[in-house]
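One structure is given here, and the rest of the page talks about it.
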Amino acid sequence: MIAISLKKAQEKLNKLLENDATLYEGEVLKLSQELDKLIYVYYNEQKLIN
Numbered sequence: 000m001i002a003i004s005l006k007k008a009q010e011k012l013n014k015l016l017e018n019d020a021t022l023y024e025g026e027v028l029k030l031s032q033e034l035d036k037l038i039y040v041y042y043n044e045q046k047l048i049n
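Residue numbers (numbering that gives the first Met the number 0): 0 to 49.
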């Protein structure tokens with residue numbers, strides 16, 4: 000459930016960034032990068048558990 004929510008949030012954020020270049024600056028870009036890192040950590044932890 001968490002993985003699906005993370006992926007959906009990432010997809011929505013990526014679409015926003017694609018549609019508006021001005022969003023690709025500052026806080027929105029930082030948020031996108033943080034979300035990518037969280038998804039990476041989550042999936043790596045899941046691999047260790049399974």
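Backbone N, C-alpha and C fix where the C-beta goes; we use that ideal spot for every residue, glycine too. Here the structure is a predicted model, which means the values were calculated and not measured.
Could you name the residues of the same chain whose beta carbon sits closer than 8 Å to that of residue i, not counting the 5 residues immediately before and after it, in chain order?
| i | result |
| --- | --- |
| L30 | L12 |
Which of helix, strand or coil does DSSP assign to residue i?
| i | result |
| --- | --- |
| E10 | helix |
| D19 | coil |
| N43 | helix |
| E26 | helix |
Quick check: the Cα distance between residue i and residue j, rounded to an integer number of angstroms?
| i | j | result |
| --- | --- | --- |
| G25 | L16 | 12 Å |
| K6 | K36 | 12 Å |
| L28 | I48 | 31 Å |
With a CB to CB cut of under 7 Å and the five nearest residues on each side skipped, what residues in its chain are close to residue i?
| i | result |
| --- | --- |
| K14 | none |
Within the same chain, show all residues whose beta-carbon is closer than 6 Å to that of residue i, passing over the 5 residues directly before and after it, in chain order.
| i | result |
| --- | --- |
| D19 | none |
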